[in-house]
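Chemist: Below you'll find the structure I mean.
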Amino acid sequence: MSTSVIRKSAFKYVGFAAFVFVFGAIYEFFSHEVYSNYMIYAFVVPLIGGLMAQLYLWSARGFKKKDCFAAQILAGGVFWLTLGCLFQGVLEIYGTTNHLIWVFLVVGLMQVVTSIVWQAVSLMTTE
Amino acid sequence: MKKQWFSLLSAVTALGFTTYIALDTFVIPRSYADVETVTSSSSRSEAASKMEDTEADEQAQEVLAETVVTDTTYSDGNISVVLTTYREYDTTIYVADVTLSSAEYLKTAFANGTYGKNITATTSEMAKENDAILAVNGDYYGVQEEGYVIRGGVLYRSTVKEDAQDLVIYADGSFEVIYEEDISAEELLENGAWDVLSFGPGLVVDGELNVDTDDEVDRAKTSNPRTAIGVIDELHYVFVVADGRNDESEGLSLYQLAQFMQELGCTTAYNLDGGGSSSMVFNGVVINDPSGSSSRRNSSGERSVSDIVYIGY
């Protein structure tokens, strides 16, 4: 895994977090001071995800492969969780609920956990 | 691109699901019951007569006097409405003082006469459809998945919403504020509940303020447009709508609204859906200045909502 790939991944996550932060700020600005922590702090999810991705890529930097499948799975999970946070924020600010909101959490966490397991197995088998 | 097929597939799936859940929440109409096909097993007067110590009339009375209508008043012998505009807390507040000869003239209605999700209409549209003399927006039950919905003596939803304070309008026209966790919807029906509104909180209970200065609806923190309903005496009610979110009116906090309702003489007063939903219609005219931003608005600025509380025949 090359350093440029690791750096590129970091930029993607930071860029996504910045987008989510700006989106949340604009949404809150027009929400008549009705606040939702899910909306305000949604950007934290891609930041944490980005840190995990960095760990994956650094730990796999000795691999001959140019991509890291665990990082792909992680990216999907982070996207689901971030979207779930934003949508929960929209629901709270509007003052409503939806019984399907749990799907974001379950699908997102499943992918994050799968990525951790995948990375662990990859590291062990490569050794 | 080829290397990232999984993350791309996951992202596209997530966006697709988000689109679906957004449509499910805000757009796709779902009808659960038509009011015309679901009727109460007993009339309001029969339900009132079952209640202990009731003094409600057993039948709706005929119009007793000539109907007199002005821009701010309505009177026909059975129904008297006097509209007054107040200016308090840097806010314009509209108060309709209502006196009835029978509780049967205090009514509620669903948008399009249908109980369901994302079935909405403006307060003025519903007022026109039901020939309402006076109408305000209701509890917007359609945006909630929990909370009792009883209308016209019919139970539509019995799922308990945690910490929810409901306004019970009994068949004899009396008001009570209850916690859903304390009593089931079925028990309320047995006790003579005719309409139950689930928004809240109760503003005045037994003549005393029921909110503190730091109480607010969910996550709302500031002054807002408000809608409230209160009872002063037997068959004597006030419907109150406060403007807000514009240059002329700051809006009211819940505490200010509760104080105002208490000053009007309410023994029981209850907060209905506010913000952009707040709307009062008198003789077909929107009285207040509905405000806020929403796609669900007509040219007069009214937001489409699920239901109204109104006075009419």
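Each protein sequence line maps, in turn, to chains A and B.
Each residue of the first sequence is one higher than the one before, counting from 1 in this note's numbering.
Each residue of the second sequence is one higher than the one before, counting from 1001 in this note's numbering.
Glycine included, C-beta positions come from ideal geometry on N, C-alpha and C.
#1: Per DSSP, what are the beta-bridge partners of Phe1110 (chain B) in this structure?
#2: Whose C-alpha, out of B:Pro1290, B:Glu1129 and B:Thr1114, is nearest the C-alpha of Val1035 (chain B)?
#3: Determine whether the Cβ of Val1309 (chain B) lies closer than 7 Å to any Cβ atom of chain A.
#4: I need the straight-line Cα distance from Asp1233 (chain B) to Ile1119 (chain B), nearest angstrom please.
#5: For Arg61 (chain A), does the three-state DSSP call read helix, strand or coil?
#6: Is Gln1165 (chain B) helix, strand or coil by DSSP?
#7: Assuming Ser1306 (chain B) and Gly1138 (chain B) are in contact, meaning their beta carbons sit under 8 Å apart, how far apart are those beta carbons, in whole angstroms?
#8: Could you tell me which of B:Tyr1237, B:Ser1279, B:Met1280 and B:Thr1227 sits nearest to Gln1256 (chain B), measuring between CA atoms?
#9: Quick check: what's the CA-CA separation for Val1281 (chain B) versus Phe16 (chain A)?
#10: Taking its Cβ as the centre, do 16 or more other Cβ atoms sit within 10 Å of Phe1000 (chain B), making it buried, or is it exposed?
#11: When you compare the region 68–81 of chain A with the region 103–121 of chain A, are there three or more beta-carbon pairs, one atom per stretch, that lie closer than 8 Å?
#12: For chain B, is any of its Cβ atoms less than 7 Å away from the one on Ala75 (chain A)?
#13: In chain order, which continuous runs of the alpha helix (DSSP H) of length 4 or greater are located wholly inside the region 1235–1270 of chain B?
#14: Pull up the distance between the alpha-carbon of Tyr1170 (chain B) and that of Arg1044 (chain B), whole angstroms please.
#15: For a cutoff of 7 Å on Cβ pairs, would you count Glu1145 (chain B) as touching chain A?
#16: Less than 7 Å separating the beta-carbons of Ile1311 (chain B) and Ile1133 (chain B)?
#17: Assuming Tyr13 (chain A) is part of the alpha helix (DSSP H), what are its boundary residues?
#18: Using 7 Å as the limit for Cβ to Cβ distance, is Ile1119 (chain B) near chain A?
#19: Using 6 Å as the cut-off, classify the Cβ of Leu1272 (chain B) as near or not near the heavy atoms of the ligand NAP, replying yes or no.
#20: May I ask you to report which of helix, strand or coil DSSP gives Tyr1148 (chain B)?
#21: Go through its chain and collect everything with a Cβ distance to Asp1215 (chain B)'s Cβ below 8 Å, but skip five positions before and after it.
#22: For a contact defined as C-beta to C-beta under 7 Å, what are the partners of Val20 (chain A) on chain B?
#23: Leaving out the 5 sequence neighbours to the left and right, which residues in its chain are closer than 6 Å to Arg1151 (chain B) when beta-carbon positions are compared?
#24: Select from B:Leu1083, B:Tyr1020 and B:Leu1009 the residue whose C-alpha is nearest the C-alpha of Thr1092 (chain B).
#25: Over the uninterrupted alpha helix (DSSP H) stretch that includes Ser1124 (chain B), give me the two end residues.
#26: Look at the Cβ atom of Ser1304 (chain B), then the Cβ atom of Thr1122 (chain B), and state whether they are nearer than 7 Å.
#27: Straight-line CA distance for Gly1016 (chain B) to Trp1005 (chain B)?
#28: Which same chain residues end up closer than 6 Å to Gly1116 (chain B) when comparing Cβ atoms and leaving out the 5 residues on each side of it in sequence?
#29: How many angstroms separate the CA atom of Leu81 (chain A) from the CA atom of Trp102 (chain A)?
#30: Whose C-alpha, out of B:Gly1251, B:Ala1011, B:Asp1172 and B:Cys1266, is nearest the C-alpha of Ala73 (chain A)?
#31: Are the beta-carbon atoms of Ile1021 (chain B) and Leu100 (chain A) separated by less than 7 Å?
Modeler: Short version:
#1: B:Asp1307
#2: B:Thr1114
#3: no
#4: 34 Å
#5: coil
#6: strand
#7: 7 Å
#8: B:Thr1227
#9: 46 Å
#10: Coverage of chain B is limited to positions 1001 through 1313, which leaves residue 1000 (chain B) absent and any answer about it impossible.
#11: yes
#12: yes
#13: 1254–1263
#14: 9 Å
#15: yes
#16: yes
#17: Thr3 to Phe29
#18: no
#19: Within the structure as shown, the ligand NAP is missing, as the structure has no ligands at all.
#20: coil
#21: Pro1201, Leu1254 and Tyr1255
#22: The premise fails here: Val20 (chain A) is roughly 13 Å from chain B at the closest Cβ pair, so nothing lies under 7 Å.
#23: Thr1108 and Asp1195
#24: B:Leu1083
#25: Thr1123 to Glu1129
#26: yes
#27: 16 Å
#28: Arg1030, Ser1031 and Tyr1032
#29: 10 Å
#30: A small fix is needed here, since residue 73 (chain A) is Ile in this sequence, not Ala. Ile73 (chain A) has its Cα closest to that of B:Ala1011, out of B:Gly1251, B:Ala1011, B:Asp1172 and B:Cys1266.
#31: yes
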